[in-house]
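Undergrad:
Numbering (this note's numbering), first residue to last: 592 to 643.
1. Using only alpha-carbon positions, find the residue among 641, 593 and 640 that is nearest to residue 603.
2. By DSSP's criteria, residue 622 is part of a beta bridge. Which residues make up the other side?
3. With DSSP as the reference, label residue 599 as helix, strand or coil.
4. Suppose you measure from the CA of residue 595 to the CA of residue 630; what does that come to, to the nearest Å?
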């Protein structure tokens, strides 16, 4: 769903793109353990809000 909306319908099935961008975002956030950007198998990716 994200792929189709962001990159267009021709990329809707290219899930590797999304995995690469999630990896790059985690790397920039220094979030190797997935504390901020979480992978939810049933929903996709989720940005976790913190109290700080």
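Yeah, the Cβ is synthetic: ideal placement off N, Cα and C, and Gly gets one too.
TA: So, to answer that:
1. Minimum Cα distance to residue 603 is reached at 593.
2. DSSP output for residue 622 lists no bridge partner at all.
3. Note: residue 599 maps to coil in three-state DSSP.
4. Whole-angstrom Cα-Cα distance: 19 Å.
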